[in-house]
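>
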């Protein structure tokens, strides 16, 4: 779905005059679709994952790991090798603002667009001698078991990135869940098999030396002088060549009135200069006089790592999971329940501690991406006064009208940020409007239209859903194709998807596509991709099982959404698992499930698909929410360990890192237990394990699920560290490191090689992964039918 056909993207001046047109027709398209599918029921619970890879090319002679800009060529080889899939056009993920539906396992072939090269950004032909001549249709088919579908690979924003999805969606049975890791591993093997011998696919959230100025970081190397981004650091040749992407990059900059400004605090080590003023910034460059002067004029902050282009954010990789619910009501319930989970999973999966060749004092990517696509004008960011109605009218008259260009209202967040409001249904007794306590900017005309009775030409939506959509539609469209300005609003949802898909939040609520083959969906987006398929499978399986526990136990995770925002920032803190506490609801039980997906669920004694929790830390299931209790009194602050493993278990011990670093101040002891009884918490992993134990499952399957859940438990408790902590520790213990925060070319090269060896099981990583991982991974490799490139 979305703006899918190839065409001619409009420049910003031509796009802004069509903003009101896209908004109006986008709402019409949604309402036409909504009236057809609002009562859709009975879809099975299905889900799919998306994993993004960085393709590295290794220059062993110079000890340099670089980014391989061969995305198109690699995808062409993968498509050809996939046999029947070679005839299908490739979808473009809306993670980078394509306006298209994401290519999850629940996408359809109709929701794709041809992949085209932009004449403005050619790459030289690859040396024929280095191509893997064994890449054939037969070879790829031989890598996939008879009962598996061939997975699909898709382009992403960066030309060094690949995205993979399973060939078909998974169900919810535990037997399917334990096959996820093997499917992920198979995708990695297929990608590796079709790369050159000196290339590797690595699941790394952010490339530590993206945008350095002390040496080449891409292959081939290009100068950073492109007109789309006008970056001091990144060449436009790094951007996907589909016309949408350079246009999106340029239009964000033009709408904002300046380049994006990304500043991450530098990690201050023993020899880090104080104050830290980045010597690698070309302060006096004047290729683009206006934009090049921004760093010196204040865009680059002291004691921060400065980045100035969309590619620094959209060039990050992540792990996403999309669920299909049985109905819109179930989708809204799952959406709301997962909103408070987003920050917790961001902290648990933290994997990005370095940017532009420097160690950062943060562990996560989210704020980097948020700033990288922040198209708000100074007035919208609160840096200058909003124009008066008269000034706005003069602006519109001078620029041809159309409603685009900003300055309609103050916007408190980037269009890539945390969720701004719950979707609480009117019939849900657990939902209280007080939970939506953040200022929510909405287009009042659109909201009124959405809520107006159907008989009066409106949509008949409730206030929560109408506010959600009216908030998304305060944004301007960023890319419009000239061939898709006028559409049939009865059959198309392209204008709706244009804005829906360029609001990037931690959770996304997704209506079915017009063709009717897919149901209501929820996309979980906060997680950072992990180094191994074991980890990625573990986090994916946990989220799936948590949604089932939410439905079966009737769990209530509602809390003021302002506190969710606080949690998002706390998740970024270096070593947040030990150093941050997170707000969460104390009492999470509210009774039995109300929305059940079609099809049986394993192990339910009454066939209802509902399990009532009993004797979980002494708590029985109770009512929804006591409306007389102030919402802030429903909360307590917990460590990640307490939230995942339970407060009572945490209260009797103090976690200590293996490296001897002290745990969180204020960790409770036995003496505090009586005083803090009211703040006890059952633990999300306890709830999930309870759900799994309620099912009829064989011992082997239960043990495999247990390995995944044990990984999360160990990460939460601190007995295993996060990827971000491992990477920072590796850099700081490297013999070349000068304790000056610099990730040198040689350090990065060695670290990339080490991470690849860890993934393959060739070396142990006892602080990062369970003791059994390396042997288990080697055994899986030995069983594999994958051949090795010659």
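Residue numbers (the working numbering): 76 to 865. C-beta: ideal position from N, C-alpha, C; glycine also.
Helix, strand or coil: which one does DSSP assign to residue 845?
As a working note, residue 845 is residue 770 in the chain shown. Coil.
> Applying the criterion that 16 or more other CB atoms from any shown protein chain within 10 Å of the CB defines a buried residue, is residue 771 buried or exposed?
Numbered from 1 along the chain shown, position 696 holds the residue referred to as residue 771. Classification for residue 771: exposed.
> Straight-line CA distance for residue 627 to residue 856?
What you label residue 627 is simply residue 552 of the chain shown in a count that begins at 1. What you label residue 856 is simply residue 781 of the chain shown in a count that begins at 1. Whole-angstrom Cα-Cα distance: 37 Å.
> In chain order, what residues of the same chain have a beta carbon less than 6 Å from the beta carbon of residue 837, not counting five sequence neighbours either side?
Reading the chain shown from its first residue, position 762 is the one you call residue 837. Same-chain partners within the cutoff: there are none.
> Just reading off the alpha helix (DSSP H) that residue 627 is part of, what are its end residues?
For the purposes of this step, residue 627 is taken as the residue at position 552 of the chain shown. Taken as a continuous stretch (DSSP letters only), the alpha helix (DSSP H) holding residue 627 covers 608–628.
> When the distance is taken between beta carbons, is residue 262 closer than 8 Å to residue 126?
Here the question's residue 126 lines up with position 51 in the chain shown. Here the question's residue 262 lines up with position 187 in the chain shown. A contact, by the Cβ cut-off of 8 Å.
> Quick check on DSSP: helix, strand or coil for residue 293?
Here residue 293 is taken as the residue at index 218 of the chain shown, counted from 1. Looking at residue 293 - three-state DSSP - the assignment turns out to be strand.
> Which complete alpha helix (DSSP H) runs does the region 396–444 hold, if anything under 4 residues is left out?
403–413, 416–423, all fully within the region 396–444.
> Would you decide whether residue 499 is buried or exposed? Buried here means 16 or more other CB atoms lie within 10 Å of its CB.
Locating residue 499 in the chain shown gives position 424, where the first residue counts as 1. The residue in question, residue 499, is buried, as its Cβ has 16 or more Cβ neighbours within 10 Å.
> Between the C-alpha atoms of residue 807 and residue 323, what's the straight-line distance to the nearest angstrom?
By one-based count along the chain shown, residue 807 stands at place 732. By one-based count along the chain shown, residue 323 stands at place 248. Rounded to whole angstroms, residue 807 to residue 323 spans 38 Å at the Cα level.
> What is the DSSP secondary structure of residue 780, reduced to helix, strand or coil?
Position 705 of the chain shown, counted from the start, is the residue given in the question as residue 780. Residue 780: helix per DSSP, three-state reduction.
> Determine the contact status of residue 571 and residue 104, defining contact as a CB-CB distance below 8 Å.
Taking the first residue of the chain shown as 1, we reach residue 571 at position 496. Taking the first residue of the chain shown as 1, we reach residue 104 at position 29. Contact: yes.
> Residue 326 to residue 432, Cα distance in whole Å?
Residue mapping note: residue 326 aligns to position 251 of the chain shown, counting from 1. Residue mapping note: residue 432 aligns to position 357 of the chain shown, counting from 1. Using only the alpha carbons, I get a separation of about 28 Å.
> Taking residue 801 as part of the alpha helix (DSSP H), name the residues at either end of that continuous run.
In the chain shown, counting from the first residue as 1, residue 801 sits at position 726. It spans 798–808 - the alpha helix (DSSP H) in which residue 801 sits, taken as one unbroken run.
> Looking only at C-alpha atoms, which of 715, 802, 591, 820 sits nearest to residue 139?
Walking along the chain shown from the start, residue 139 turns up at place 64. If we check each option's Cα against that of residue 139, 820 comes out closest.
> Count Cβ pairs between the region 405–424 and the region 326–346 that sit closer than 8 Å; are there 3 or more?
Result no; under three Cβ-Cβ pairs closer than 8 Å.
> Out of 657, 635, 603, state which residue places its alpha-carbon closest to the alpha-carbon of residue 645.
Looking up residue 645 in the chain shown gives position 570. The option with the nearest alpha carbon to residue 645 is 657.
> With a threshold of 8 Å on Cβ separation, who are the neighbours of residue 226 within its own chain once the five nearest residues in sequence on each side are excluded?
Against the chain shown, residue 226 aligns to sequence position 151. 219, 239, 240, 241, 242, 258, 261, 262, 265.
> Following the continuous alpha helix (DSSP H) through residue 268, name the residue where it begins and the one where it ends.
Start at 1 with the first residue of the chain shown, and residue 268 comes out as number 193. Counting along the chain, the alpha helix (DSSP H) containing residue 268 begins and ends at 255–268.
> Measuring straight from C-alpha to C-alpha, what distance separates residue 358 and residue 305?
Here residue 358 refers to the residue found at position 283 when the chain shown is read from its first residue. Here residue 305 refers to the residue found at position 230 when the chain shown is read from its first residue. C-alpha separation (whole angstroms): 14 Å.
> So, is residue 846 buried or exposed, given that buried needs 16 or more other C-beta atoms within 10 angstroms?
Here residue 846 refers to the residue found at position 771 when the chain shown is read from its first residue. The residue in question, residue 846, is exposed, as its Cβ has fewer than 16 Cβ neighbours within 10 Å.
> Can you tell me which residues form a DSSP beta bridge with residue 585?
Stepping through the chain shown from its first residue, residue 585 is reached at position 510. DSSP, once it has assigned bridges, lists 596 as partnering residue 585.
> Between the C-alpha atoms of residue 609 and residue 253, what's the straight-line distance to the nearest angstrom?
What you label residue 609 is simply residue 534 of the chain shown in a count that begins at 1. What you label residue 253 is simply residue 178 of the chain shown in a count that begins at 1. Near 10 Å, if we compare the C-alpha coordinates of residue 253 and residue 609.
> Classify residue 100 as buried or exposed, calling it buried when 16 or more other Cβ atoms lie within 10 Å of its own Cβ.
Indexing the chain shown from 1 puts residue 100 at position 25. Answer is buried; the Cβ neighbour count reaches 16.
> Check the DSSP bridge columns for residue 603 and list the partner residues they point to.
Looking up residue 603 in the chain shown gives position 528. In the DSSP output, where bridge partners are listed per residue, residue 603 has 393.
> According to DSSP, is residue 556 part of a helix, a strand, or is it coil?
Taking the first residue of the chain shown as position 1, residue 556 is located at position 481. Strand, per DSSP.
> Around the C-beta of residue 91, are 16 or more other C-beta atoms found within 10 angstroms, so that it is buried, or is it exposed?
As a working mapping, residue 91 is identified with position 16 in the chain shown. Buried is the call here.
> Determine, using beta carbons only, whether residue 395 and residue 118 come nearer to each other than 8 Å.
Taking the first residue of the chain shown as position 1, residue 395 is located at position 320. Taking the first residue of the chain shown as position 1, residue 118 is located at position 43. The answer is no: Cβ separation not under 8 Å.
> So residue 340 and residue 379 are in contact, right, with Cβ under 8 Å, and what is the actual spacing, rounded?
Residue mapping note: residue 340 aligns to position 265 of the chain shown, counting from 1. Residue mapping note: residue 379 aligns to position 304 of the chain shown, counting from 1. Sure, about 6 Å apart at Cβ, within 8 Å.
> Residue 148 to residue 229, Cα distance in whole Å?
Position 73 of the chain shown, counting from 1, holds the residue named residue 148. Position 154 of the chain shown, counting from 1, holds the residue named residue 229. Going by the C-alpha atoms only, they are around 12 Å apart.
> Does DSSP classify residue 467 as helix, strand or coil?
The count along the chain shown starts at 1 and reaches residue 467 at position 392. In this structure, residue 467 counts as helix in the three-state DSSP scheme.
> Identify which residue in 107, 291, 412 has its Cα closest to the Cα of residue 566.
For the purposes of this step, residue 566 is identified with residue 491 of the chain shown, where counting begins at 1. Cα-wise, what sits closest to residue 566 is 107.
> According to DSSP, simplified to helix, strand and coil, what is residue 339?
Here residue 339 is taken as the residue at index 264 of the chain shown, counted from 1. Three-state result, residue 339: strand.
> Please say whether residue 141 and residue 132 have beta carbons closer to each other than 8 Å?
If you number the chain shown from 1, residue 132 lands on position 57. If you number the chain shown from 1, residue 141 lands on position 66. Going by C-beta atoms, residue 132 is nearer than 8 Å to residue 141.
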